[in-house]
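J.: If you scroll down you'll find the structure; I have some questions about it.
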Amino acid sequence: MLANYAPLIVDGLADAALIFFVAVGLTLVFSVLHILNVAHGSFYSLGAYLSVVIGSFVAGRGWPVLSFFALVISPFLVTVALGPLIERTLLRWTYGRPEALQILVTFGLFLILEDAQKLIFGVQPYSQDTPMLLLGTSQIAGIVYLNYQLLLIGLAIVVAIGLRLLLKRTGIGKLIVAVVADQEIARALGIDASRVFMLAFSLGVFLAALGGALASPTVGVSPGLGAETIVLAFAVAAIGGLGQIEGAALAAILVGLARSAAIYFMPEFQPVVPYLVMLAVLLVRPYGLFGSIGLRRV
Amino acid sequence: MTHLKILAAAVALLIQFATPTVAQTSKPSDVGFGVFTFTSGPAAAYGMPGRNAAELVIEQINASGGIGGVPIKPTYVDEGQGTEGVVAEFRRLAADPVNQVMIAALSSGNCLALAPVADQLQMPTFMWNCDTHQLFLKDRYKYVFRTNSSTVPEFIASALYLLSVKPDVKRIAIIDPDYAFGRDAATIFKATLKALKPDVEVVAELYPKLGSPSFNTEISRLVTAQPDVIFSNLWGADLENFVRQAAPRELFTRSTVILALGESVLQRVGTLLPDGVIIGVIGDGWWMSPDAQSKPQTRQFVENYRKRFDEYPVFPSFKMANTIYAVKVVYEKALANTKGRWPTRDDLVAAAKNLKTETLTGTLALRDDHDGLVDQIVGETTKDSRFPFPIMGNMVRYPASLVTPPVGVDPIAWIAKMKPSILATLPKPGSYK
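Chains E and B supply the protein sequences, listed in that same order. Numbering of the first sequence is given in numbering that gives the first Met the number 0, commencing with residue 0 and proceeding in unit increments. Numbering of the second sequence is given in numbering that gives the first Met the number 0, commencing with residue 0 and proceeding in unit increments.
Okay, structure coming up:
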């Protein structure tokens, strides 16, 4: 019996893993900066583009194994180049201002980054599947899966645990938690909150770019990828409760499994399933699965 | 009085803009063509070969004297901006008297939106790619022609080929893009099978969103359904992604797969495909077909294209090239009719009526309803030591007249009346060589 549903579960979890990387970055930035970052999807697509370009470069020169290196280095490059720069030059002026203004600023940034990608990478689709092919395949319940898909599930679990450990066990993490809990008291205690903002935003950028880089071997990369991703990430973050890491993880699993189930049983509903799940959750819990009115934690 | 003069001037100006601009009758310095295709986004993988071909053919025509001594001046429009933007661009170009012809469009959705606008603006428009049979199903357009076949003969051909090479097929699955082109293809394919082999069961029907980056769950679903045959009319980057994701997961070896638009991606992802995948060109635009290879002009086009773009032309390239050459023939016919006077738009429409012309890959005939009659080539992937990608083997060329419903007949009702005995009368796979 379980074997019948194994493909559905594996596909759902693989889908959830990719959604999680983007949604958790979005939710982290919201919990610290209180900004709903519309440009988050652009960091995802930048990570994907850069990973494909670097991966194609190294694979084309006879070093296919180094294409794995591209998956890791691309999010770092995107983060170093854009994270601190954007937070220091654009976002810091919006802190404490109306939410509508913050959304407009990040929306403007999204439009700039989308056009910048077209200028830099062109408008034609890219693909680079060397890492996916190098890892081979496995059979589960009679269905051949890419080992790369299974690796993504493992990586998402590692990132979720790593983030929790970062926030609980490290000095930087404790500073972030303190700022999230009460910014004014944290400042009064001598914590450099603006540095924490920069770090948290950069971490969010890194997670989005990592999601894009890791997705790139299995998906095609073309203009519009960022917009598509951010809509889904918003839905997942809202289901989990904005600012909640565990919420984002659970919501990603719910949406991944629901999308997978829809393809198996009701293909017509597949495009709207994430939003139906969001509607159902928000009707019962308006602040998401892990959110509440006064909750201030990450 | 001054106000009245201003009002009169404004009214005159409005009338000038509101009245469709009719072509000048003196020979112009340029003849403008609006050329519509996708040059951005996932659809660009299909649209750019069309644009490349347009560039090459127009250069070649201009180098040999243009049309009646007048060079073509193309304006390229990206359909990636969405239908609203495409219609706005069409209107803007049509308002400029330099532009005498539109080569539009790639997307069936855009074609359906542009056709009434073309008639409204009295702009001769040649649909170079749009496949939807809905275009001329109920509506008649004076200024719109399709220099291409429609979904009906294209996907009847896929089903006929399947029944010829795999007559014992029992279970089929479908994965098509979720819009009119995908849905229509599924309807036509299923209707043909129902008429010719009624015991075929549809075990899965999937319609992923156009532009989906991942098909992994759909691939698992297709495998679990255990179909004998999987039919797909995915195209562009969607088709490339599907092949990249499905091939390592052995989808192409577990079932017979029909990729109705598969030739367009053979050079990019063909090495992932095993022999025996059924491949279509939705028309006759296969650069290595016997007809194409027998024509020196086609061989030259292929060589020029390969040199310029570092790849061989794919069938969207031929759809575009054949359309532009057909428009040139229309102009030449119109110039002959007007005895040298530069043709008006109505002269062009008159010349295009019931046009029959040779193309780079076969022949094109325009029917009374302005729809195109083009043969259908279908084949299977076959390795060839001359190329680093598979080519089409075991080919068949179905004459357009055998797979296209007559003018004014409901295509699905026409398909339903097909008898299994038709299979014996059709050319066989492998007969086109």
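Each residue gets a CB set at the ideal place from its N, CA and C atoms; glycine is no exception.
#1: Rank 396/B, 386/B, 373/B and 178/B by C-alpha distance to the C-alpha of residue 107/B and give the top, closest one.
#2: Using a Cβ-Cβ distance cut-off of 9 Å, determine whether residue 275/B contacts chain E.
#3: Pull up the DSSP beta-bridge partners for residue 124/B, would you.
#4: Flag this pair as yes or no: are the beta carbons of residue 149/B and residue 370/B separated by less than 9 Å?
#5: For a quick check, are the C-beta atoms of residue 206/B and residue 185/B less than 9 Å apart?
#6: Distance, Cα to Cα, residue 100/B vs residue 361/B?
#7: I'd like to know whether the C-beta of residue 270/E is nearer than 9 Å to at least one C-beta of chain B.
#8: So, for residue 57/E: in the same chain, excluding its five sequence neighbours on each side, which residues have a beta-carbon less than 8 Å away from its beta-carbon?
#9: Among the candidates 93/B, 25/B and 194/B, whose CA atom is the shortest distance from the CA of residue 420/B?
#10: Using 8 Å as the Cβ pair cut-off and three pairs as the minimum, do the stretch 16-26 of chain E and the stretch 212-229 of chain E touch?
#11: Does residue 263/E have its Cβ less than 9 Å from a Cβ in chain B?
#12: Confirm, please, whether the CB-CB distance from residue 40/E to residue 226/E is below 9 Å.
#13: Could you tell me if residue 206/E is buried or exposed, where buried requires 16 or more neighbouring beta carbons within 10 angstroms of its beta carbon?
#14: Any contact of the stretch 374-394 of chain B with the stretch 274-290 of chain B, i.e. 3+ C-beta pairs under 8 Å?
#15: So the alpha helix (DSSP H) residue 266/B belongs to, where does it begin and stop?
#16: Mapping DSSP to helix, strand and coil, what is residue 20/B?
#17: Which bits of chain E does residue 208/B rub up against, with CB to CB less than 7 Å?
#18: Tell me, to the nearest whole angstrom, how far the beta carbon of residue 241/B is from that of residue 284/B; I am working on the premise that it is less than 8 Å.
#19: Any beta carbon of chain E sitting closer than 9 Å to that of residue 51/B?
#20: Return the Cβ separation of residue 321/B and residue 146/B in integer angstroms, given the expectation that the two are a contact with Cβ distance under 8 Å.
#21: Output the distance between the C-alpha atoms of residue 237/B and residue 230/B, rounded to the nearest integer angstrom.
#22: I'd like to know whether the C-beta atoms of residue 404/B and residue 209/B end up nearer to each other than 9 Å.
#23: Which residues in the same chain have their Cβ closer than 7 Å to the Cβ of residue 197/E, if we skip the five residues on either side of it in sequence?
#24: Let me know the secondary structure DSSP gives residue 190/E once reduced to three states.
#25: CB residue 226/B to CB residue 246/B, shorter than 9 Å?
#26: Can you tell me whether residue 209/E is helix, strand or coil according to DSSP?
#27: Determine which residues of the stretch 219-242 of chain B have a Cβ less than 9 Å from any Cβ of chain E, and write them out in chain order.
#28: What separation, rounded to the nearest whole angstrom, lies between the Cα atoms of residue 135/B and residue 85/B?
#29: Per DSSP, what are the beta-bridge partners of residue 75/B in this structure?
#30: Whose Cβ in chain B lies nearer than 8 Å to the Cβ of residue 290/E?
#31: Quick check on residue 244/B - is its C-beta less than 9 Å from some C-beta in chain E?
#32: With residue 208/B as the anchor, note down where its alpha helix (DSSP H) starts and where it stops.
#33: What does a CB cutoff of less than 6 Å around residue 285/E pick up in its chain, not counting 5 residues either side in sequence?
#34: Is the Cβ-Cβ distance between residue 13/E and residue 152/E less than 9 Å?
#35: Using beta-carbon positions only, say whether residue 399/B and residue 372/B come within less than 9 Å of one another.
#36: Measuring CA to CA, which of 319/B, 129/B and 267/B is closest to residue 57/B?
T.: Considering the structure as presented:
#1: 178/B
#2: no
#3: 101/B and 143/B
#4: yes
#5: yes
#6: 23 Å
#7: yes
#8: 63, 65, 66, 68 and 69
#9: 194/B
#10: yes
#11: yes
#12: yes
#13: buried
#14: yes
#15: 265-268
#16: Caution is warranted here: a pLDDT of 45 is assigned to residue 20/B, below 50, making its placement in the model unreliable, and the coordinate value is therefore given only provisionally. Coil.
#17: 270
#18: At roughly 21 Å, the Cβ-Cβ gap does not stay under 8 Å, so residue 241/B and residue 284/B are not in contact.
#19: no
#20: 6 Å
#21: 14 Å
#22: no
#23: 83, 86 and 87
#24: coil
#25: no
#26: helix
#27: 219, 220, 222, 223, 235, 236, 237, 239 and 240
#28: 20 Å
#29: 34/B
#30: None at all; the shortest Cβ gap to chain B is about 28 Å.
#31: yes
#32: Segment: none, residue 208/B is in no alpha helix (DSSP H) and carries neither H nor E.
#33: none
#34: yes
#35: yes
#36: 319/B
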